[in-house]
Amino acid sequence: MTTTEWITDIALVLVVFRQLREARLDHKTFLIPLGIVAFVAYSYLDSVPTGGNDLVLIAALAGAGAVLGVAGGVCTRIRALDGHLMIKAGAVSATLWVLGMGARMGFQVWVEHGGGADDVARFSIAHHITGDQAWVTAFVLMAVTEVVTRVGTIYVRSRVRSGAAAGAPAAPVLDRTA
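For the sequence shown, counting from 1, position 143 maps to 1296 in my numbering; every step adds exactly one.
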């Protein structure tokens, strides 16, 4: 793994650890993780391979990312306090986040330094996966999907929690000042 890949992966893991301590739900809650995955997508997604079963691999890992993201977003506590929404990632949310990010990092380290390259090559041949770019795309889209669905789930829950539903009394709002 390159230094940039390590920094990016660690930054994504730290995003959820930042939320282990309760804080105001603000634009940074959404923009920081979305900015990181936008950088990752821009850096690593040159094309989406469509040969063989590449799209099946990509869809499977993106689906796993979506499940982890939605589950992590649902398991993140959002509450009102003094006219603001507060957010706190619990143990389940943090575990899911680290599991997703850690699985990708672990796979990459295993392939590059742990002798897994031959196993992945055999798996790829047996399952008609056309090459390295399919794996890169699948794992990048898994990360992007996990982040986007987690952030999206938190956003939707914050809107519901803030009383965006019709007829709700004055409710806390997303903090636009922090």
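Where is the CB? At the ideal position from N, CA and C, for every residue including glycine. It should be emphasised that the depicted structure is a prediction, and the values quoted were computed from it without experimental measurement.
Coarse secondary structure for residue i, derived from DSSP in three states
i: D1207; result: helix
i: L1238; result: strand
i: R1171; result: helix
Residues near residue i in its chain [Cβ-Cβ closer than 6 Å; skip 5 each side]
i: D1223; result: The sequence as given places Val at residue 1223; Asp does not occur at that position. Correct list, in chain order: T1302, T1306.
i: G1204; result: T1283
i: K1241; result: E1175, R1230
Residue i and residue j closer than 8 Å at C-beta
i: T1298; j: G1218; result: yes
i: Q1261; j: P1202; result: no
i: V1220; j: V1293; result: no
Exposure of residue i, with buried meaning 16 or more beta-carbon neighbours within 10 Å
i: T1156; result: exposed
i: V1309; result: exposed
i: W1159; result: exposed
i: R1275; result: exposed
Own chain, CB closer than 8 Å to residue i, minus 5 neighbours either side, in chain order
i: L1178; result: I1231, H1237, L1238, M1239, I1240, I1307, S1311, L1327, D1328
i: G1269; result: F1260, W1263
Chain-order list of residues whose beta-carbon lies under 7 Å from that of residue i (same chain, five-residue window excluded)
i: V1304; result: F1183, P1186, L1187
For this session: Enumerate, from N- to C-terminal direction, the unbroken alpha helix (DSSP H) stretches of 4 or more residues contained entirely within the stretch 1264-1313.
Result: 1270-1279
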